[in-house]
């Protein structure tokens, strides 16, 4: 029998996930996510999963949290990976970094779970129905 973890953080980090499991965990929020995208984010130095002796990636829960941050910043803030990397580097260094503010008015941002009708979209965007 293995040694018991001495802290909650240690116990949490000892749980490892395959790339396929990570995809299924993140699938609901990021349905377009692929294993090649995860490998690309690793190649860019944004996430560093552990490797087994045979080279398989094993992600911790912290890696999954980090991926969620990266993917949300890309999707919701339209930030380039360079800006996201700088933000994460500052977080890792214990700083409280500020993200560039989005130029998109908050009133036009979709609210989670809210369904918009065609008329709502036309009214919010100030376009004509002909478009």
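Numbering (this note's numbering), first residue to last: 592 to 722. Glycine included, C-beta positions come from ideal geometry on N, C-alpha and C.
The three-state reading of DSSP puts residue 665 in helix, counting H, G and I together. Its Cα nearest to that of residue 654, the residue 638 stands out among 667, 646, 638. Contact between residue 648 and residue 657 does not hold, since their C-beta atoms are separated by about 14 angstroms, which reaches or exceeds 8 angstroms. Residue 681: member of the alpha helix (DSSP H) spanning 672 to 683, first to last residue. For residue 621, the three-state secondary structure derived from DSSP is coil. Three or more pairs of CB atoms, one per stretch, sit closer than 8 angstroms, so the segment 657 to 677 contacts the segment 604 to 620. Within the same chain, Cβ atoms closer than 8 angstroms to the Cβ of residue 662 are found at 617, 620, 621, 624, the five residues on either side in sequence being excluded. Comparing C-alpha distances from residue 691 to each of 684, 708, 665, 683 shows the shortest one belongs to 665. The alpha-carbon separation between residue 669 and residue 676 amounts to approximately 14 angstroms. Comparing alpha-carbon positions, the option among 645, 608, 644 lying closest to residue 629 turns out to be 608. For the pair residue 673 and residue 606, the Cα-to-Cα distance works out to about 29 angstroms.
By the beta-carbon neighbour count (other beta carbons within 10 angstroms, threshold 16), residue 640 is buried. Inter-residue distance for residue 714 and residue 634 is about 42 angstroms (C-alpha atoms, whole angstroms).
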